[in-house]
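**Q** Take a look at the following structure, please.
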Amino acid sequence: MFQHLFAEMNEMLREIIIDYPTAEGARREELLCKYNLLRRLSDDVMDEWLAFAEKMSDFNQGTDLTLEMEEEPPQREAPELSMESFARGQGYYKLLMYPQCIEQFKTVITRYPESLSGRLYLAMSFLHQGEGEAAWVHLEHMVTLVRNRKLKAMVYNAMGCIRASQERFTEARELFSLSLQHDPSLPEPNVNLEVCRSKGGELQYGSQLVSLL
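Heads up, this note's numbering is the position in the sequence shown plus 535, with the first residue counted as 1.
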């Protein structure tokens, strides 16, 4: 039910991102008004969502709900997911407001430094900002925590992309090889190895990694 709203907000934000750097006079003022409107709207959406989530949580705690599959033990929810900063950060990421997203998730990992999802949001936001070294810090931290081989492969691939974009091709090739060792079926590392060999082409960070956000 929110797809249309977010589609409109994203389209407005894209217009601002493209036009604002060269806008002047009345056009610049118009874009500023639109940006302020987006900020107010995103804050309102986050506030309403947090109030709704709190009511859901209260209901779950006060009601004896029977699970359909009782043989499977309930999964423990990551504690950082209940933080207001986490919810706001997710909202900012969806709105392509990466600097604001970064500020929110810095708060998250200050409290929960081993949060994989928090680190991933930070890494991807820094990549969107063109700050490869800042993204590297969080991906490198993630790779020490990840146990799932497929996820570890995706993280190594993203780290390889950062080094390749810096033309540190020897390091990049090592990272892409590590990625393939953990998951030979992952397609992106082979494409990226070819980019390293030819020193040209488009690096692929991995749609599967992005889909985790």
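All C-beta atoms, glycine included, are put in the ideal place defined by N, C-alpha and C.
Predicted, not measured: the structure shown is a model, and the values here were computed from it.
Looking at the secondary structure, which residues open and close the alpha helix (DSSP H) in which G626 lies?
**A** Residues 619 to 629.
**Q** Is P724 near L738, with beta carbons less than 8 Å apart?
**A** Taking 8 Å as the Cβ cut-off, P724 and L738 do not qualify as a contacting pair.
**Q** Since I believe H673 is in contact with A658 (beta carbons under 8 Å), could you give me their beta-carbon distance rounded to a whole number of angstroms?
**A** Their Cβ separation, rounded to whole angstroms, is 4 Å, which keeps A658 and H673 in contact under 8 Å.
**Q** In its own chain, which residues sit with a C-beta less than 6 Å from the C-beta of F621, not counting the 5 before and 5 after it?
**A** Only E615, V643 meet the Cβ criterion.
**Q** Indicate the three-state DSSP secondary structure (helix, strand or coil) for K641 in the structure shown.
**A** Here K641 sits in helix by DSSP.
**Q** Between which two residues does the alpha helix (DSSP H) harbouring N692 extend?
**A** Here the alpha helix (DSSP H) through N692 covers 684 to 700.
**Q** Which of the three DSSP states, helix, strand or coil, is assigned to M632?
**A** M632: coil per DSSP, three-state reduction.
**Q** If G624 and Y656 are in contact, beta carbons under 8 Å, what's the gap, nearest whole angstrom?
**A** That belief holds up - the Cβ atoms of G624 and Y656 are roughly 6 Å apart, short of 8 Å.
**Q** Where do the ends of the alpha helix (DSSP H) carrying P648 lie?
**A** First-last for P648: undefined, no H or E at that position.
**Q** Let me know the secondary structure DSSP gives D718 once reduced to three states.
**A** Reduced to three states, the DSSP call for D718 is coil.
**Q** Output needed for I551: all residues of its chain with C-beta closer than 7 Å, excluding positions within five of it in sequence on either side, in chain order.
**A** Cβ neighbours of I551 beyond the five flanking positions: L566, K569, Y570.
**Q** Work out the CA separation of Y633 and R654 for me, nearest whole Å.
**A** Taking the straight line from one Cα to the other gives about 14 Å.
**Q** Taking all protein chains shown into account, decide if G735 is buried (16 or more other Cβ within 10 angstroms of its Cβ) or exposed.
**A** Answer is exposed; the Cβ neighbour count stays below 16.
**Q** Near L713, which residues of its chain fall below 7 Å by C-beta distance, leaving aside the five closest residues on each side in sequence?
**A** Taken in chain order, the residues that qualify are Y691.
**Q** Report the CB separation of A613 from S577 in whole angstroms; it is logged as a contact under 8 Å.
**A** Not really, about 23 Å apart at Cβ, beyond 8 Å.
**Q** So what does DSSP say about Y656, is it helix, strand or coil?
**A** Of the three classes helix, strand and coil, the one that applies to Y656 here is helix, per DSSP.
**Q** For L573 and K687, what's the separation of their Cα atoms in angstroms?
**A** In a straight line, the C-alpha of L573 is about 36 Å away from that of K687.
**Q** DSSP three-state label for R563, please.
**A** R563 falls in the helix class under three-state DSSP.
**Q** Applying the criterion that 16 or more other CB atoms from any shown protein chain within 10 Å of the CB defines a buried residue, is D718 buried or exposed?
**A** When all chains shown are included, D718 counts as buried.
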